Amino acid sequence: MKRILFLSLSLLLSGCYLANGSPSSYHYWLKNDKVITYNDMKFCEKKVYLTLGERFKYLSKMMEINGWISMRENYRKEYNEYIAYITKASPYISYCYYELGYRFRPPIYWCLAQDGDNTRICTENMKYRN
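Taking mature numbering (1 follows the signal peptide of the UniProt record, and there is no 0), I'd label the letters of the sequence shown as residues -19 to -1, 1 to 111.
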(Lines of atoms letter the chains of each structure in order from A and count residues from 1; the text may use other names and numbers.)
(Lines give C-alpha, C1' and ligand atoms only; values in the text may rest on other atoms or scores of the structure.)
Protein backbone atom coordinates (compact mmCIF):
# COMPACT_ATOMS: atom_id res chain seq x y z
CA MET A 1 0.00 0.00 0.00
CA LYS A 2 2.81 2.40 0.90
CA ARG A 3 4.52 1.66 -2.41
CA ILE A 4 1.40 2.53 -4.39
CA LEU A 5 0.91 5.74 -2.42
CA PHE A 6 4.57 6.71 -2.90
CA LEU A 7 4.44 5.91 -6.62
CA SER A 8 1.21 7.88 -7.07
CA LEU A 9 2.62 10.87 -5.21
CA SER A 10 5.85 10.74 -7.23
CA LEU A 11 3.96 10.64 -10.51
CA LEU A 12 1.70 13.48 -9.42
CA LEU A 13 4.65 15.69 -8.45
CA SER A 14 6.61 14.91 -11.59
CA GLY A 15 3.49 15.62 -13.66
CA CYS A 16 3.22 19.08 -12.11
CA TYR A 17 6.86 19.74 -12.89
CA LEU A 18 6.42 18.61 -16.48
CA ALA A 19 3.45 20.90 -16.97
CA ASN A 20 4.70 24.00 -15.17
CA GLY A 21 8.44 23.55 -14.85
CA SER A 22 10.20 23.35 -11.53
CA PRO A 23 10.58 26.41 -9.30
CA SER A 24 13.70 28.56 -9.51
CA SER A 25 16.70 27.60 -7.40
CA TYR A 26 16.22 30.87 -5.50
CA HIS A 27 13.29 29.26 -3.68
CA TYR A 28 15.72 26.93 -1.93
CA TRP A 29 18.20 29.44 -0.54
CA LEU A 30 16.94 29.63 3.05
CA LYS A 31 17.91 31.47 6.23
CA ASN A 32 15.85 30.81 9.36
CA ASP A 33 13.35 28.97 7.12
CA LYS A 34 12.79 32.09 5.01
CA VAL A 35 13.56 32.33 1.29
CA ILE A 36 16.38 34.64 0.21
CA THR A 37 15.25 38.24 -0.14
CA TYR A 38 15.32 40.17 -3.40
CA ASN A 39 17.65 42.74 -1.80
CA ASP A 40 20.14 40.06 -0.74
CA MET A 41 20.09 38.52 -4.23
CA LYS A 42 20.72 41.91 -5.84
CA PHE A 43 23.46 42.70 -3.30
CA CYS A 44 25.36 39.52 -4.19
CA GLU A 45 24.84 39.92 -7.93
CA LYS A 46 26.09 43.50 -7.85
CA LYS A 47 29.08 42.56 -5.68
CA VAL A 48 30.13 39.79 -8.08
CA TYR A 49 29.28 41.59 -11.32
CA LEU A 50 31.49 44.53 -10.33
CA THR A 51 34.48 42.18 -10.46
CA LEU A 52 33.79 41.05 -14.04
CA GLY A 53 35.19 44.14 -15.75
CA GLU A 54 34.25 46.65 -18.41
CA ARG A 55 33.35 44.13 -21.09
CA PHE A 56 30.67 42.63 -18.86
CA LYS A 57 29.30 46.12 -18.12
CA TYR A 58 29.07 46.75 -21.86
CA LEU A 59 27.31 43.43 -22.48
CA SER A 60 24.91 44.03 -19.57
CA LYS A 61 23.96 47.43 -20.96
CA MET A 62 23.49 45.88 -24.39
CA MET A 63 21.27 43.17 -22.89
CA GLU A 64 19.26 45.80 -21.00
CA ILE A 65 18.68 47.85 -24.16
CA ASN A 66 17.94 44.99 -26.57
CA GLY A 67 16.36 42.33 -24.36
CA TRP A 68 17.01 38.60 -24.22
CA ILE A 69 15.24 37.61 -27.42
CA SER A 70 16.77 40.31 -29.58
CA MET A 71 20.24 39.63 -28.20
CA ARG A 72 19.90 35.92 -28.84
CA GLU A 73 18.61 36.37 -32.39
CA ASN A 74 20.56 39.42 -33.59
CA TYR A 75 23.75 39.51 -31.52
CA ARG A 76 24.56 35.82 -31.07
CA LYS A 77 28.27 36.30 -30.33
CA GLU A 78 27.63 38.93 -27.64
CA TYR A 79 24.77 36.88 -26.21
CA ASN A 80 27.01 33.81 -25.85
CA GLU A 81 29.73 35.94 -24.28
CA TYR A 82 27.23 37.40 -21.80
CA ILE A 83 25.97 33.92 -20.87
CA ALA A 84 29.58 32.79 -20.34
CA TYR A 85 30.10 35.68 -17.90
CA ILE A 86 26.89 34.81 -16.04
CA THR A 87 27.92 31.16 -15.84
CA LYS A 88 31.34 32.17 -14.52
CA ALA A 89 29.75 34.45 -11.89
CA SER A 90 27.20 31.92 -10.63
CA PRO A 91 29.43 30.05 -8.12
CA TYR A 92 30.63 33.35 -6.63
CA ILE A 93 27.06 34.56 -6.22
CA SER A 94 26.17 31.30 -4.46
CA TYR A 95 29.13 31.75 -2.14
CA CYS A 96 27.94 35.29 -1.35
CA TYR A 97 24.50 33.92 -0.41
CA TYR A 98 26.24 31.42 1.87
CA GLU A 99 28.30 34.19 3.48
CA LEU A 100 25.07 36.10 4.19
CA GLY A 101 23.84 33.10 6.17
CA TYR A 102 21.68 31.37 3.56
CA ARG A 103 21.81 27.62 3.00
CA PHE A 104 20.86 25.78 -0.17
CA ARG A 105 18.22 23.19 0.77
CA PRO A 106 16.25 21.88 -2.21
CA PRO A 107 14.12 18.75 -1.96
CA ILE A 108 15.52 15.70 -3.75
CA TYR A 109 12.72 15.68 -6.33
CA TRP A 110 13.73 19.21 -7.39
CA CYS A 111 17.32 18.08 -7.93
CA LEU A 112 16.15 15.15 -10.05
CA ALA A 113 13.69 17.10 -12.22
CA GLN A 114 14.58 16.79 -15.90
CA ASP A 115 13.33 20.19 -17.06
CA GLY A 116 16.50 22.23 -16.64
CA ASP A 117 19.86 22.39 -14.95
CA ASN A 118 18.55 21.36 -11.54
CA THR A 119 20.93 18.42 -11.11
CA ARG A 120 23.93 20.58 -12.02
CA ILE A 121 22.78 23.37 -9.70
CA CYS A 122 22.29 20.91 -6.83
CA THR A 123 25.73 19.39 -7.40
CA GLU A 124 27.43 22.80 -7.50
CA ASN A 125 25.63 24.07 -4.39
CA MET A 126 25.75 20.88 -2.32
CA LYS A 127 28.60 22.36 -0.27
CA TYR A 128 26.25 25.15 0.90
CA ARG A 129 23.71 22.87 2.59
CA ASN A 130 25.02 23.24 6.17
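Idealized CB from N, CA, C, for every residue including glycine. None of the values given here were measured: they were computed from a predicted structure.
| Check | Outcome |
| --- | --- |
| Neighbourhood of residue 2 by C-beta distance below 8 Å, restricted to the same chain and skipping five residues each side | 96 and 97 |
| 4 or more residues per run - each alpha helix (DSSP H) lying fully within the stretch 47 to 89 | 57 to 80 |
| Residue 39 classed as buried or exposed, judged by whether at least 16 other C-beta atoms fall within 10 angstroms | exposed |
| Residue 25 and residue 78 closer than 8 Å at C-beta | yes |
| Given residue 16 as reference, the closest of 111, 8 and 88 once Cα atoms are compared | 8 |
| Three-pair Cβ contact test at 8 Å for the stretch 59 to 73 versus the stretch 28 to 36 | yes |
| Beta-carbon gap between residue 73 and residue 29 smaller than 8 Å | yes |
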